[in-house]
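Colleague: One structure, pasted below without further comment.
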Amino acid sequence: MRAEETMNKLPANPERATLEGKNKFLGFWFFLGGETVLFASLFGVYLGLRKATNGGVTSQELFELPLVFIATMLLLTSSLTAVFATMSLKSQNFKAMIGWLVITVILGFSFLGLEIYEFNHYVHEYEHTIRSSAWGSAFYTLVGTHGAHVLFGVSWITLLIVRNFGRGLNLYNAPKFYVAALYWHFVDVVWVFIFTVVYLMGKVG
Amino acid sequence: MSAHAQKKKNPIWDWLTTVDHKKIGILYLATGAFFFLLGGLEAILIRIQLLYPENNFVGAQTFNELLTMHGTTMIFLAAMPLVFGFFNAIVPLQIGARDVAFPFVNSLGYWLFTAGGIMLNLGWFLGGSPDAGWTGYAPLSTTSPGNGVDFYVLGLQISGIGTLIGGINFLVTIVNMRAPGMTFMRMPLFTWTTFITSGLILFAFPALTIGLALLMLDRLFGTQFFAAEAGGNPIIYEHLFWIFGHPEVYILILPAFGIFSEVIPVMAKKRLFGYSAMVFATALIGFLGFMVWVHHMFTVGLGPIANSIFAVATMLIAVPTGVKIFNWLFTMWGGKVVFTTANLWAVGFIPSFVLGGMTGVMLSVPPADYQYHDSYFVVAHFHYVIVGGVVFGLFAGMYYWWPKIFGRMLNETLGKIHFWLFFIGFHLTFFPQHFLGLMGMPRRVYTYLSGQELETANFVSSIGAFLMGVATIVMLWNIIQTSVAGKKASNDPWDARTLEWAISSPPPEYNFAQTPLVRGLDAFWLEKRAGNKTMTPAEPLDDIHMPDSSILPFMMAVGLFIAALSAIYSSWAIAIGGLVLTFAMMFLRSVIDYHGYHIHKEDLPSEGVDGK
Amino acid sequence: MGSHQNDSVSKHDQSHLDIHHKIAHQKELKQHIVSFAMMIFLTMLSFIAVASEAISTRFAILFILVLAGIQAAFQLYIWMHLSHKGHQYPTWGIFFGIGVAATCVAAGAAMIW
Chain A
1 MRAEETMNKL PANPERATLE GKNKFLGFWF FLGGETVLFA SLFGVYLGLR
51 KATNGGVTSQ ELFELPLVFI ATMLLLTSSL TAVFATMSLK SQNFKAMIGW
101 LVITVILGFS FLGLEIYEFN HYVHEYEHTI RSSAWGSAFY TLVGTHGAHV
151 LFGVSWITLL IVRNFGRGLN LYNAPKFYVA ALYWHFVDVV WVFIFTVVYL
201 MGKVG
Chain B
1 MSAHAQKKKN PIWDWLTTVD HKKIGILYLA TGAFFFLLGG LEAILIRIQL
51 LYPENNFVGA QTFNELLTMH GTTMIFLAAM PLVFGFFNAI VPLQIGARDV
101 AFPFVNSLGY WLFTAGGIML NLGWFLGGSP DAGWTGYAPL STTSPGNGVD
151 FYVLGLQISG IGTLIGGINF LVTIVNMRAP GMTFMRMPLF TWTTFITSGL
201 ILFAFPALTI GLALLMLDRL FGTQFFAAEA GGNPIIYEHL FWIFGHPEVY
251 ILILPAFGIF SEVIPVMAKK RLFGYSAMVF ATALIGFLGF MVWVHHMFTV
301 GLGPIANSIF AVATMLIAVP TGVKIFNWLF TMWGGKVVFT TANLWAVGFI
351 PSFVLGGMTG VMLSVPPADY QYHDSYFVVA HFHYVIVGGV VFGLFAGMYY
401 WWPKIFGRML NETLGKIHFW LFFIGFHLTF FPQHFLGLMG MPRRVYTYLS
451 GQELETANFV SSIGAFLMGV ATIVMLWNII QTSVAGKKAS NDPWDARTLE
501 WAISSPPPEY NFAQTPLVRG LDAFWLEKRA GNKTMTPAEP LDDIHMPDSS
551 ILPFMMAVGL FIAALSAIYS SWAIAIGGLV LTFAMMFLRS VIDYHGYHIH
601 KEDLPSEGVD GK
Chain C
1 MGSHQNDSVS KHDQSHLDIH HKIAHQKELK QHIVSFAMMI FLTMLSFIAV
51 ASEAISTRFA ILFILVLAGI QAAFQLYIWM HLSHKGHQYP TWGIFFGIGV
101 AATCVAAGAA MIW
């Protein structure tokens, strides 16, 4: 488990080749199981309160599908680049992995930019805030929690890229890259349900 | 962070930075014991207030705070950490592991729990404790004036995160770190219950996290989740709380079941009756635990269909629980039962817990529940399962594992006095409360009127509580006396069956010099039957890899504590500073490489010297 | 346990493994691109179903929920490699989580008044 191990010598699944790696891999999957319940609770709250507009703007009036579609495409593509990074990790092509991760991070930041624009737009154009109605509270909390996950994900992956840039792949950092990619996929899975349940269902009422 | 520097640290620094599961276990046990005493004191104050009708010992507001803090403290700050203390101290030893899967996360879990526990109790010094009941139902909690409920919300949130990551640690430890030959169906029952409990923690706590987060948003940031006047819905909070809350009950009781399943076979000199049925029953209880939360909400008005489905699911849980009770009885049947203190708690548990189980089935019938709901009948029921089950289990575990954890025997005579005083006091306290409830006395009310035939039972109940208090003093005296002048414990004082008894008391920091080879259920017993004094090693003697200790977990908890406390007083700059501190520590954890260090095989004591 | 299991692979075996690995790699790459195309397609279907006037609201909601489920399965099994060897425990973990998640959603969506 030393950094000087060259890339070619790593075993087939470098993310799970050490006991530490195995533990990280499994622990992270379990963590994602818990995160599933976390987001499901927020979805339950949202579904219970999505008609509680308190006399204010409704979801039909508020949401704009083109914006949501672009955001979805950004995140979906970033999930593809993350899976390419995972494949580069498995074939131990460090440079390609970093390249794909950089693209993932850029797409993630673009998504965040869109979300900030969207929230800002709602607050200033429609006076739809986290306090204006129970639906507003549920909307910003659910979508905002997802956004916070995206922010954490891009920061985490950026940190991994910067920290390991000069030293290549080894058995110590391979599990870290692998679980960061898993996290990114999970964030995308959550978004699939957000665009379906929040935006599309909100549009049809 | 080199190997040799670590040996000369001062003790305070050592305990703050330790990642050794045995030391973290002791920290959990000590902190849990402190909060247990605090919760017990609150209980006694409650019972003094209820000693006479229209008593004015503490007054209504203080009574509300006392009962809220008693419940919250006993569940989250006493029972949970004591359970985690035993997980930490015992489970890695039982599976023949040198360590847990995530020593760093384990330490972080402890410090988060402690930070949350302190946060919860700050209200006593800062102008009012939480007063909305341990369930914190909205809108009572969202509209409660002052900062009391803020301490509840943020304290529980921080300690809940600690519990969640602790649960993940034990899941992975048990899946990945078992010694060669330790298959799932050879694991001791305590390890099994730890495994299932950790799973329940992982899937139940996120619902609480969200429930508390929404309470926090409503209280501190003016959101409308539970404000009916703005379209909010307080029933959602009840759902979230009980989706967590019911599994939480099993999170507490399953480890106690595990402890009894260790103590009873050892003290009866027989293998556990129906091992695989016990494992299956544990898993089934865990599984069904997620499908019964609505039985706490029968009177909410969800309709007859929802109530009926959840009533049937609730009754179903009695089946695997009954299987367990019979298996313990059959284990004792025909055995050479020794009534050590540990075993007294186990034997006393069975009738006590069965009573709590029976009232549980009574409560699971919705039409009857409309009568029992929010009365002292419910108070009697859950104290019978939680004290008669969980607390008895923790005491059994304490007397059983004390020699292994601390290397000294507890005094058996004092232990038996402790048991009998507590056992009698417990039944005196809670048995009459069944009838108080049936006579219509509501729970959570600070007093009652005279002339309604409630005086005698309340008086008896309070006397019982004082007896439990005296019993606890005897226990404390036992601990103090034996830690000063107690008998040194041998490796295996009970002639026990599982792996933790194959190594010295207390165990060395690396647990097993050589990983043991496990040849069957009750691995150490098998070796003893085969005439071996120790376990057969599964590997040659070699250097032992150890994890680096670290101050970062402590600092992360400090950061969150600062952030939460400042948020309560709306000092946002300091709150952000606290969060920055926590994230900076996470940053350091990520960028610093932790390779651990090795204990060289030449430095290990030669075989046969330990424990002598 | 664990940290040294692949030390004994000889050079010959190693190159052999590399070839197999490359073939598997190509296959996987193709699989990922196909899944990506599928997911884009499913996403577009969802948006069209909602935007179109011809589809009833009730059917559209059911339809997009099913599509979301399919997309999630794609992500989990293909992109997060849940179908690969050594994923039994992760599968248990995620599916138990989904089970509890279903109860949370049901509670918030249907069990309130």
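Residue numbers (full-length UniProt numbering), protein chains in the order written: chain A, 1 to 205; chain B, 1 to 612; chain C, 1 to 113. Cβ coordinates follow ideal geometry from the N, Cα and C atoms, glycine included.
1) Name the chain B residues that come within less than 9 Å of C:W113, Cβ to Cβ?
2) Among residues of its own chain, excluding the 5 on either side of B:H4, which ones have a beta-carbon nearer than 8 Å to its beta-carbon?
3) By the DSSP assignment, the alpha helix (DSSP H) with B:I12 in it spans what residues?
4) Between the alpha carbons of B:A227 and B:L428, how many angstroms are there, rounded?
5) Could you round the C-beta distance between B:V19 and B:S107 to whole angstroms and report it? I think they count as a contact, below 8 Å.
6) Whose Cβ in chain A lies nearer than 8 Å to the Cβ of C:I40?
7) Give the DSSP-derived three-state secondary structure of B:S590 in the structure shown.
8) Tell me which residues of the region 22-33 of chain A have at least one Cβ-Cβ distance to chain C shorter than 7 Å, keeping chain order.
9) Counting only Cβ-Cβ distances shorter than 8 Å, please list the residues of the region 270-298 of chain B near chain A, keeping chain order.
10) By alpha-carbon positions, which one of A:L171, A:K51, A:T81 and A:V192 ends up nearest to A:I157?
11) Return the CA-CA distance between B:D610 and B:A179, expressed in angstroms with no decimal places.
12) Where do the N-terminal and C-terminal ends of the alpha helix (DSSP H) with A:I116 fall, by residue?
13) Considering just the uninterrupted stretch of the alpha helix (DSSP H) at B:I463, what are its terminal residues?
14) Taking C-beta pairs closer than 7 Å, name the residues in chain B that C:A107 reaches, listed in chain order.
15) Give the secondary structure of B:M358 by DSSP, where H, G and I count as helix, E and B as strand, and everything else as coil.
16) Would DSSP call B:N308 helix, strand or coil?
17) For B:R408, which residues does DSSP report across the bridge?
18) In or out: B:R408 buried (at least 16 other Cβ within 10 Å) or exposed?
19) Can you confirm whether C:F95, when its beta carbon is compared against all beta carbons of chain E, has any partner nearer than 8 Å?
20) Which full runs of the alpha helix (DSSP H) of 4+ residues lie inside the region 492-532 of chain B, going along the chain?
21) Do you know offhand how far A:T6's Cα is from B:A575's?
22) Could you spell out where the beta strand (DSSP E) holding B:M291 opens and where it closes?
23) Which residues of the region 154-186 of chain B have a Cβ closer than 7 Å to any Cβ of chain A? Give them in chain order.
24) How would you call C:Q31, buried or exposed, if buried means at least 16 neighbouring beta carbons within 10 angstroms?
25) Going along chain A, which residues have a C-beta under 7 Å from C:E53?
26) Any beta-carbon of chain A closer than 8 Å to the one on B:S590?
27) At a cut of 8 Å, does the region 188-207 of chain B reach the region 123-143 of chain A through at least three beta carbon pairs?
28) Around the Cβ of A:W29, are there at least 16 other Cβ atoms within 10 angstroms (buried) or fewer (exposed)?
29) Judging by CA-CA distance, which residue of B:I12, B:T17, B:K9 and B:G25 is the nearest neighbour of B:P547?
30) Can you give me the start and stop residues for the beta strand (DSSP E) that B:M546 sits inside?
31) For A:D188, which residues from the same chain have a beta carbon less than 6 Å from its beta carbon, with the 5 sequence-adjacent residues on both sides left out?
32) Please confirm if C:T103 has its CB atom under 8 Å from at least one CB of chain B.
33) So is B:Y446 buried or exposed if we call it buried at 16+ other beta carbons inside 10 Å?
34) Tell me which same chain residues have a C-beta within less than 8 Å of the C-beta of A:R2, skipping the five on either side of it?
35) In the structure shown, what three-state DSSP assignment does B:H600 receive?
36) C:Y77 CB to nearest chain A CB: under 8 Å?
Modeller: With the structure as the only source:
1) Mapped onto the third sequence, residue 113 of chain C falls at position 113. Neighbours of C:W113 on chain B, chain order: N233, I235, V300, G301, L302 and G303.
2) Within the second sequence, residue 4 of chain B is the residue found at index 4, counting from 1. Its pLDDT being 46, under 50, B:H4 is placed unreliably in this model, and the value from its coordinates should be taken loosely. For B:H4, where only same-chain residues beyond five positions count, there are no Cβ hits under 8 Å.
3) Within the second sequence, residue 12 of chain B is the residue found at index 12, counting from 1. B:I12: member of the alpha helix (DSSP H) spanning P11 to T17, first to last residue.
4) Position 227 of the second sequence, counted from the first residue, corresponds to residue 227 of chain B. Position 428 of the second sequence, counted from the first residue, corresponds to residue 428 of chain B. CA-to-CA, the gap between B:A227 and B:L428 works out to about 42 Å.
5) As a first step, residue 19 of chain B is located in the second sequence; it is residue number 19 there, counting from the start. As a first step, residue 107 of chain B is located in the second sequence; it is residue number 107 there, counting from the start. Between the beta-carbon of B:V19 and that of B:S107 there is about 5 Å, and that keeps the pair under the 8 Å contact cut.
6) The count along the third sequence starts at 1 and reaches residue 40 of chain C at position 40. Here the neighbours are M73 and L76.
7) Residue 590 of chain B sits at position 590 when you count from the first residue of the second sequence. Helix, per DSSP.
8) From the region 22-33 of chain A, only K22, L26, W29, F30, L32 and G33 have a Cβ closer than 7 Å to chain C.
9) Going along the region 270-298 of chain B in chain order, one finds no residue with a Cβ nearer than 8 Å to chain A.
10) Against the first sequence, residue 157 of chain A aligns to sequence position 157. Shortest Cα-Cα distance from A:I157 to any of A:L171, A:K51, A:T81 and A:V192 involves A:T81.
11) Walking along the second sequence from the start, residue 610 of chain B turns up at place 610. Walking along the second sequence from the start, residue 179 of chain B turns up at place 179. Note on B:D610: pLDDT 43, under 50, position unreliable in the model; no value is reported.
12) The residue given as residue 116 of chain A occupies position 116 in the first sequence. Its alpha helix (DSSP H) spans residues F94 to Y126.
13) Here residue 463 of chain B refers to the residue found at position 463 when the second sequence is read from its first residue. Unbroken alpha helix (DSSP H) run through B:I463: E455 to A485.
14) The residue given as residue 107 of chain C occupies position 107 in the third sequence. Simply H239 and I243.
15) Residue 358 of chain B sits at position 358 when you count from the first residue of the second sequence. The answer is helix: DSSP assigns B:M358 an H, G or I state.
16) Mapped onto the second sequence, residue 308 of chain B falls at position 308. Contrary to the premise, residue 308 of chain B reads as Ser rather than Asn in this sequence. In the structure shown, B:S308 sits in a helix (DSSP, three-state: H, G or I).
17) By one-based count along the second sequence, residue 408 of chain B stands at place 408. Paired residue(s): B:K488.
18) For the purposes of this step, residue 408 of chain B is taken as the residue at position 408 of the second sequence. Buried is the call here.
19) Note that chain E does not occur in the displayed structure, where the protein chains are A, B and C.
20) Listed in chain order, they are 523-529.
21) As a first step, residue 6 of chain A must be located in the first sequence, where it is residue number 6. As a first step, residue 575 of chain B must be located in the second sequence, where it is residue number 575. Only weak support is given to the placement of A:T6: the predicted model assigns it a pLDDT of 47, under 50, and the value that follows is read from those uncertain coordinates. Cα-Cα distance, rounded: 45 Å.
22) What you label residue 291 of chain B is simply residue 291 of the second sequence in a count that begins at 1. B:M291 -> no beta strand (DSSP E), and no H or E assigned at all.
23) The residues in question are L164, I168, L171, V172, V175 and N176.
24) Within the third sequence, the letter at position 31 stands for residue 31 of chain C. By the beta-carbon neighbour count (other beta carbons within 10 angstroms, threshold 16), C:Q31 is exposed.
25) Indexing the third sequence from 1 puts residue 53 of chain C at position 53. Neighbours of C:E53 on chain A: none; closest Cβ ~11 Å, over 7 Å.
26) Working through the second sequence from its first residue, we reach residue 590 of chain B at position 590. Taking Cβ atoms only, chain A reaches closer than 8 Å to B:S590, which makes this a yes.
27) Too few Cβ pairs lie closer than 8 Å, so no.
28) The residue labelled residue 29 of chain A in the question sits at position 29 within the first sequence. Buried, since its Cβ has 16 or more Cβ neighbours within 10 Å.
29) Taking the first residue of the second sequence as position 1, residue 547 of chain B is located at position 547. For B:P547, the nearest C-alpha among the options comes from B:T17.
30) Residue 546 of chain B sits at position 546 when you count from the first residue of the second sequence. From DSSP, the beta strand (DSSP E) with B:M546 extends over I544 to M546.
31) To locate residue 188 of chain A, count along the first sequence from 1; it is residue 188. Answer for A:D188: L75 and S79, listed in chain order.
32) One-based indexing of the third sequence puts residue 103 of chain C at position 103. Taking CB atoms only, C:T103 has a neighbour in chain B less than 8 Å away.
33) Reading the second sequence from its first residue, position 446 is the one you call residue 446 of chain B. Under this definition B:Y446 is a buried residue.
34) Along the first sequence, read from residue 1 onward, the residue named residue 2 of chain A stands at position 2. Its pLDDT being 43, under 50, A:R2 is placed unreliably in this model, and the coordinates cannot settle the point.
35) Your numbering for residue 600 of chain B matches position 600 in the second sequence. In the structure shown, B:H600 sits in coil (DSSP, three-state: anything other than H, G, I, E or B).
36) Counting from 1 along the third sequence, the entry for residue 77 of chain C is found at position 77. No, no contact with chain A.
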